[in-house]
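Participant:
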Amino acid sequence: MSSENRALTVYHGSEKIIASPFFGGSKDNNDYGNGFYCSENADLAREWSVDENRDGFLNIYELDLSGLQILYLNGGSYSILHWLAVLLENRRFQLTAPLPREARRYLLTHFQVPYRDADIIVGYRADDSYFSFAADFLNGTISLAQLEEAMYLGKLGEQIVLKSEKSYRQIRFLDYEPVDASIWYPKREKRDRSARQRYFRQDREGWQKGQLYMPRILDEEIGPDDTRIQRIVY
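Following the numbering used here, the numbering of the sequence shown begins with 4 at its first residue and continues without gaps.
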């Protein structure tokens, strides 16, 4: 974890105006648990704010990072398996077969992240498509390299999540903008559709000899220090 002395402009897409985000006001089963989920990308936040038949709001804030402990899940000593372990701890997965159940147990045991100590978490956003990609990896359908590549398909970028009471005290509401669903929902659907289409083309490549699939990770008890687990940069 690191600390920075700077301020960011961040955006939160919602069905309502949120002038005063408050600690504990979110759901526990979000990607990284209870927190206030933001982005530095205004257009992505606009997409997330709307539904097919519902307009939304782009909430705009200034976030002062001074003195905050920031956990970057997408860099440093963390791999995508650490990100997935955090996701498994918070999101609801239907794991009915022995392989994904054992995969969940293994990742939670060997790829734990001290994210509860962080004021801010920065990491991938897992919408429905990306959630299904992660489930495919747990089921042994795709390799680790394919999962890493899939996370870039829709260009969802990173989300910035406020996790502590201290971080909530350092966010300041600046303004809001109405978001028209007739404009931004099709953009969101196009992004998701493109990611799925590219993913299915990738999936049709079939079994990737020599790559790390979940059964191999389990059988060889591959841990976070193994040099074969490296974050791929695209």
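For every residue, glycine included, the Cβ atom is placed at its ideal position computed from N, Cα and C.
Thinking residue 4 and residue 121 are a contact (beta carbons under 8 Å), I'd like their distance in whole angstroms, please.
Facilitator: Residue mapping note: residue 4 aligns to position 1 of the sequence shown, counting from 1. Residue mapping note: residue 121 aligns to position 118 of the sequence shown, counting from 1. That belief holds up - the Cβ atoms of residue 4 and residue 121 are roughly 6 Å apart, short of 8 Å.
Participant: Quick one: grab the DSSP three-state call for residue 124.
Facilitator: Sequence index remark: in the sequence shown, residue 124 carries index 121 (1-based). Three-state result, residue 124: strand.
Participant: CB residue 198 to CB residue 142, shorter than 9 Å?
Facilitator: For the purposes of this step, residue 198 is taken as residue 195 along the sequence shown, with counting starting at 1. For the purposes of this step, residue 142 is taken as residue 139 along the sequence shown, with counting starting at 1. No, the Cβ-Cβ distance between residue 198 and residue 142 is not below 9 Å.
Participant: Apart from the five residues just before and just after residue 31, which ones in its own chain have a Cβ nearer than 8 Å to its Cβ?
Facilitator: The sequence position of residue 31 within the sequence shown is 28, counting from 1. Answer for residue 31: 37, 93, listed in chain order.
Participant: Count the other C-beta atoms from every protein chain shown that fall within 10 angstroms of the C-beta of residue 10, then say buried if there are 16 or more, exposed otherwise.
Facilitator: The residue given as residue 10 occupies position 7 in the sequence shown. Exposed, since its Cβ has fewer than 16 Cβ neighbours within 10 Å.
Participant: Our contact map puts residue 59 next to residue 28 with C-beta atoms below 8 Å; I'd like the distance itself, whole angstroms only.
Facilitator: For the purposes of this step, residue 59 is identified with residue 56 of the sequence shown, where counting begins at 1. For the purposes of this step, residue 28 is identified with residue 25 of the sequence shown, where counting begins at 1. In fact, because the Cβ distance is near 18 Å, the residues do not count as touching under 8 Å.
Participant: Restricting to Cα atoms, I'd like to know which of 97, 134, 151, 167 is closest to residue 124.
Facilitator: Working through the sequence shown from its first residue, we reach residue 124 at position 121. Ranking 97, 134, 151, 167 by Cα distance to residue 124 puts 167 first.
Participant: Would you kindly work out how many angstroms separate the C-alpha atoms of residue 149 and residue 201, rounded to a whole number?
Facilitator: Within the sequence shown, numbered from 1, the residue matching residue 149 stands at position 146. Within the sequence shown, numbered from 1, the residue matching residue 201 stands at position 198. Whole-angstrom Cα-Cα distance: 11 Å.
Participant: For the candidate residues 63, 135, 229, whose alpha-carbon lies nearest to that of residue 195?
Facilitator: Here residue 195 corresponds to residue number 192 of the sequence shown, with the count starting at 1. Closest option to residue 195, Cα to Cα, is 135.
Participant: Could you check whether the region 71-91 touches the region 41-54, counting it as contact only if at least three pairs of C-beta atoms, one from each stretch, sit closer than 8 Å?
Facilitator: Output reads no: the region 41-54 does not touch the region 71-91.
Participant: Which whole-angstrom value is the C-beta distance of residue 56 and residue 153, which I expect to be below 8 Å?
Facilitator: Walking along the sequence shown from the start, residue 56 turns up at place 53. Walking along the sequence shown from the start, residue 153 turns up at place 150. Their Cβ separation, rounded to whole angstroms, is 29 Å, which puts residue 56 and residue 153 out of contact at 8 Å.
Participant: Looking only at C-alpha atoms, which of 181, 213, 51, 161 sits nearest to residue 126?
Facilitator: For the purposes of this step, residue 126 is taken as residue 123 along the sequence shown, with counting starting at 1. For residue 126, the nearest C-alpha among the options comes from 161.
Participant: Give, in chain order, every unbroken run of the alpha helix (DSSP H) that is at least 4 residues long and sits entirely within the region 25-49.
Facilitator: Qualifying alpha helix (DSSP H) stretches: none in this window.
Participant: Using alpha carbons as the reference points, say which of 204, 171, 227, 203 lies closest to residue 70.
Facilitator: As a working mapping, residue 70 is identified with position 67 in the sequence shown. The shortest C-alpha separation from residue 70 is found at 171.
Participant: Along the chain, where does the alpha helix (DSSP H) containing residue 171 start, and where does it finish?
Facilitator: Here residue 171 refers to the residue found at position 168 when the sequence shown is read from its first residue. Taken as a continuous stretch (DSSP letters only), the alpha helix (DSSP H) holding residue 171 covers 168-171.
Participant: What did DSSP end up calling residue 63 once you bin it into helix, strand or coil?
Facilitator: Reading the sequence shown from its first residue, position 60 is the one you call residue 63. Of the three classes helix, strand and coil, the one that applies to residue 63 here is strand, per DSSP.
Participant: Could you pull the start and end residues of the beta strand (DSSP E) that residue 175 belongs to?
Facilitator: For the purposes of this step, residue 175 is taken as the residue at position 172 of the sequence shown. Run containing residue 175: 174-182, per the beta strand (DSSP E) assignment.
Participant: What is the rounded straight-line gap between the Cα of residue 163 and the Cα of residue 40?
Facilitator: The residue given as residue 163 occupies position 160 in the sequence shown. The residue given as residue 40 occupies position 37 in the sequence shown. So the alpha carbons of these two residues sit roughly 6 Å apart.
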